[in-house]
């Protein structure tokens, strides 16, 4: 057995890896599936999921203003709450990001990927005892797409033209072909509710592994196991208690004193200290979220590609990753996609800090005087420090950057997507198509680099309905190169999700989809007494 | 500065009330009558009242003023939140806002109407005791605030019943041993406690009592299904933090006020009579030093209710402060208004109470020359 497969089996024994994850990684390493299966079973015997116990989570991001309506879920806290009591039609595979069945058992696209038929799982019961029907699904999707909707998934759902039933099947008709539709339905707002939540959107009745027993916005939420859950491979603990802890130090204190089992958002600056605690384990998961410096490519002085290139070369990515993220991340390459996405275009040369090249392009651009960069710590944690680091590295290339610190309050409405050069943050999207459509399509509301390129738009739309993967991947390479070399995006780093748990917690799944095991932390782990 | 509280009261109110509120006529009249009698002819009911029972007159006057003040506060909060960049729709959705979702929320909440219309509408509801629903969570504001306010008062109450007697007692002790070792120890310790930021005091207590010794409950989250014993154990650390934070201010004021009185002639007489030091302080000096001490205590009590958001966050305690900050962050106007009014009411009430107590304690203040 090689070192790597030994490492994998050890992870299984320690309960850090489940079957899916193990098989995926072992297969990627060239172990045949049959062999991998046996290896997993041997290693996992020591670590059968245990049922029972009260799981306590101390999470950042709750506010007294949180809404119980999943359509309006915004905070990290509500993200996990809704995952506990509700289900989507489709989930994404933690390792590969591929769509896997949830309340939709299977699906079939039409040849042009514009009409999709979903088989809805039968025999699934809501917490109030009613059985799930295709009608509940239709009403849910309608509630998130109709004109009066205040849903956070509205942007994702725009392309759906018609929602209808075909017997007990669900049929979605799109305005144009989209090979990625099932992944769009993994959006965490799209929790299937009885009658679509039209009767009471705040009821918190769903089909999930836990029933809500109490909920106080911004304070606490408690759950008990749903004994009629339609799935057996989740919901191991008897009860879950989620406590809102918005102070980073309070979370660390609660975890290290054993008052909670799991905390989110560990500050990279203190993670090395927390590591020393004997009962604590750090959980770092690569993700798709990225910290960005964005220039409006259509606004002077940033309408000059040489100036944009100069500013890109003036970014010292390695130092920034080390200083701002404590090494918990990966350097970025000025396009918003990393290897966690399907069809990632490999082999694009990594852009490195190069003061000479930066000075060359800066001179060529003919710009003089300083460049104003607006920032605030709400853009991403450490954004002000990052801006100052950038100022330093740019100075060595002879570029003067003036850093202006903006108030955090109102940053998203007054600075981001308004001012021509600012710092910001992007969470990942399930697919490359969605990432580019959200922020790089000429007509996108959130085109925060003012990347207005009809040729880019054309390739993006072609790629969307292209079913040949090799061709599609090639298109994504072209798009990545356009954004990287001509866009207004400076992307120094992708951040890891850094969370921590007590060593009692077993079975944590590192999910590339989103933070906190894609929100499924409470449903996937078990407690080892 | 604090000693001036009661003496300044009437003057301040005279200028504040001179203007616009419907109550101002009666109030201005009262001020005039306490200052200089208006006319000889027909002594109004108000003039009679302020002569026969000046205390009742004062309380009535203060109550009327409070209403005017609360009205002004609500206007200022509304104006302040309006002036903040971004409205509820944009701030609530944050980075995930789409133009259509913003439009829908604005329409739904009537944010497309002019500010004056919205304010009048809110005021109409508030006057009938209806503070509306939170824009964000759609829950009744009164119901939510009830719970949060209860939590805040619970914590403040225990912090107060520990810190106030402790501060006054220590202050007397410091006078008794003035400029000697106990005085110096009390001073240094309490000054150290007040000089450390409250979150730091909190972290230190958490570190020692929760993480290292493991004897205290942390986090201090309280919820409905808790027994009173569990609640008390939960608030032990935040209470200790608050006590340390407010102790020094009250203790030093007690010490200074009593020392002030101690230099007067009648205290010397008491000393010559052969009374013991502590007896002189407690029975003879302290009552005359009450007024400034009461004022400082009132200020600190108000702080315990309205100013402890940092302690709430550090200890994960669901009080009013955190609630209001959450609401301001997303411009949830009904919640901000209700919280602001409650906070203002607390300040007004405690200050009024302190003034009245000071006047009762010192008859000279009842008959201004």
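Protein chains in written order, with the numbering used here: chain W, -4 to 524; chain U, 42 to 410.
Beta carbons are placed, not taken as given, at the ideal position from N, Cα and C, and that holds for glycine.
Checklist entry - Do residue 211 of chain U and residue 242 of chain U have their CB atoms nearer than 7 Å? => result For residue 211 of chain U and residue 242 of chain U, no; Cβs fall outside 7 Å.
Checklist entry - Hey, how far is the Cα of residue 349 of chain U from the Cα of residue 267 of chain W? => result Rounded to whole angstroms, residue 349 of chain U to residue 267 of chain W spans 31 Å at the Cα level.
Next on the checklist: Among W:122, W:132, W:194, W:431, whose alpha-carbon lies nearest the alpha-carbon of residue 97 of chain W?
Outcome noted: If we check each option's Cα against that of residue 97 of chain W, W:132 comes out closest.
Next on the checklist: Can you give me the C-alpha to C-alpha distance between residue 265 of chain W and residue 118 of chain U, rounded to a whole angstrom?
Outcome noted: Pairing residue 265 of chain W with residue 118 of chain U, the inter-Cα distance amounts to about 38 Å.
Item to check | Close-in-space but distant-in-sequence residues of the same chain around residue 103 of chain W (CB under 6 Å, 5 per side omitted) | outcome: For residue 103 of chain W, where only same-chain residues beyond five positions count, the Cβ hits under 6 Å are 112.
Item to check | Same chain, Cβ closer than 6 Å to residue 203 of chain U, five either side skipped, listed in chain order | outcome: The residues are 284.
Checklist entry - What residues in its chain sit with their C-beta under 7 Å from that of residue 345 of chain U, if we drop five residues either side in the sequence? => result 197, 200, 201, 283, 287, listed in sequence order.
Item to check | Members of the stretch 246 to 271 of chain W that neighbour chain U once the beta carbon cut-off is set at 7 Å | outcome: Listed by position, the residues of the stretch 246 to 271 of chain W near chain U (Cβ gap below 7 Å) are 248, 249, 251, 252, 254.
Checklist entry - Per DSSP, what kind of secondary structure is residue 101 of chain W in: helix, strand or coil? => result When secondary structure is reduced to three states using DSSP, residue 101 of chain W falls in the strand class.
Item to check | Chain-ordered neighbours of residue 259 of chain U on chain W, where CB pairs are closer than 7 Å | outcome: Correct list: 248, 249, 252, 254.
Next on the checklist: Going by the DSSP bridge assignment, what does residue 95 of chain W pair with across the sheet?
Outcome noted: Bridge partners of residue 95 of chain W according to DSSP: W:86.
Checklist entry - Taking C-alpha atoms, which residue in W:110, W:356, W:187, W:84 lies nearest to residue 166 of chain W? => result Of the candidates W:110, W:356, W:187, W:84, the one whose C-alpha sits nearest the C-alpha of residue 166 of chain W is W:110.
Item to check | Span separating the alpha-carbon of residue 71 of chain U from that of residue 123 of chain U | outcome: With a pLDDT of only 39 at residue 71 of chain U, under the threshold of 50, the placement of this residue in the model should not be trusted; the figure read from the coordinates follows. If I take the Cα positions, the gap works out to 36 Å.
Item to check | Identified DSSP bridge partners for residue 501 of chain W | outcome: Note: residue 501 of chain W sits in a beta bridge opposite W:521.
Next on the checklist: If distances are taken between C-alpha atoms only, which option among U:251, U:315, U:401, U:340 comes closest to residue 255 of chain W?
Outcome noted: Between residue 255 of chain W and the set U:251, U:315, U:401, U:340, the nearest pair of CA atoms involves U:251.
Item to check | Bridge partners - residue 533 of chain W, DSSP secondary structure assignment | outcome: A question about residue 533 of chain W goes unanswered here, because the residues of chain W that appear run from -4 up to 524.
Item to check | Selection of the stretch 342 to 361 of chain U by Cβ proximity to chain W, strictly under 8 Å | outcome: Within the stretch 342 to 361 of chain U, the residues whose Cβ lies closer than 8 Å to some Cβ of chain W are 354, 355, 356, 357, 359, listed in chain order.
Checklist entry - Going by other Cβ atoms of all chains shown within 10 Å of its Cβ, with 16 needed for buried, is residue 87 of chain W buried or exposed? => result In summary, residue 87 of chain W is buried, with 16 or more beta-carbon neighbours lying within 10 Å of its beta-carbon over all protein chains present.
Item to check | DSSP-derived helix/strand/coil call for residue 197 of chain U | outcome: Reduced to three states, the DSSP call for residue 197 of chain U is helix.
Item to check | Burial state of residue 215 of chain W (16 or more Cβ within 10 Å) | outcome: Buried is the call here.
Checklist entry - Nearest chain U C-beta to residue 433 of chain W closer than 7 Å, yes or no? => result So no, residue 433 of chain W is outside the interface.
Next on the checklist: What are the residues in the stretch 192 to 225 of chain W lying within 8 Å of chain U by C-beta distance?
Outcome noted: Correct list: 197, 209, 211, 212, 213, 214, 215.
Item to check | Status (buried if at least 16 other CB within 10 Å, exposed otherwise) for residue 449 of chain W | outcome: With fewer than 16 other Cβ atoms within 10 Å, it is exposed.
Item to check | Segments of 4+ residues assigned as alpha helix (DSSP H) that fall wholly inside the stretch 252 to 319 of chain W | outcome: Note on the stretch 252 to 319 of chain W: whole alpha helix (DSSP H) runs with a minimum of 4 residues are 266 to 270, 300 to 308, in chain order.
Checklist entry - Which partner residues of residue 51 of chain W appear in the DSSP bridge assignment? => result Per DSSP, W:236.
Next on the checklist: So with CB distances below 8 Å, who are the chain U contacts of residue 290 of chain W?
Outcome noted: In chain order: nothing, as chain U lies at least about 18 Å away.
Checklist entry - Buried or exposed: which applies to residue 267 of chain U, given that a residue is buried once 16 or more other Cβ atoms fall within 10 Å of its Cβ? => result It counts as exposed.
Checklist entry - Distance, Cα to Cα, residue 516 of chain W vs residue 204 of chain W? => result The straight-line gap from Cα to Cα measures roughly 12 Å.
Next on the checklist: For chain W, check one thing: does any of its Cβ atoms lie closer than 7 Å to the Cβ of residue 281 of chain U?
Outcome noted: Not flagged as an interface residue toward chain W: residue 281 of chain U, since no C-beta distance is shorter than 7 Å.
Checklist entry - Where does residue 259 of chain W land, buried or exposed, given buried means 16+ other C-beta within 10 angstroms? => result When all chains shown are included, residue 259 of chain W counts as buried.
Checklist entry - Do we get a CB-CB distance below 7 Å when we pair residue 143 of chain W with the residues of chain U? => result With 7 Å as the cut-off, residue 143 of chain W counts as an interface residue toward chain U.
Checklist entry - In or out: residue 162 of chain W buried (at least 16 other Cβ within 10 Å) or exposed? => result Residue 162 of chain W is exposed by the Cβ-count criterion.
Next on the checklist: Suppose you measure from the CA of residue 246 of chain U to the CA of residue 278 of chain U; what does that come to, to the nearest Å?
Outcome noted: Using only the alpha carbons, I get a separation of about 7 Å.
Checklist entry - Among residues of its own chain, excluding the 5 on either side of residue 338 of chain W, which ones have a beta-carbon nearer than 7 Å to its beta-carbon? => result Cβ neighbours of residue 338 of chain W beyond the five flanking positions: 427, 464, 467, 468, 471.
Checklist entry - Ordered along the chain, which non-local residues of its own chain (more than five positions away) have a Cβ less than 6 Å from that of residue 193 of chain U? => result By the criterion of a C-beta distance shorter than 6 Å, residue 193 of chain U is surrounded in its chain by 346, 360, 361, once the five residues flanking it on both sides are discounted.
Item to check | residue 350 of chain U in three-state terms, based on DSSP | outcome: In this structure, residue 350 of chain U counts as helix in the three-state DSSP scheme.
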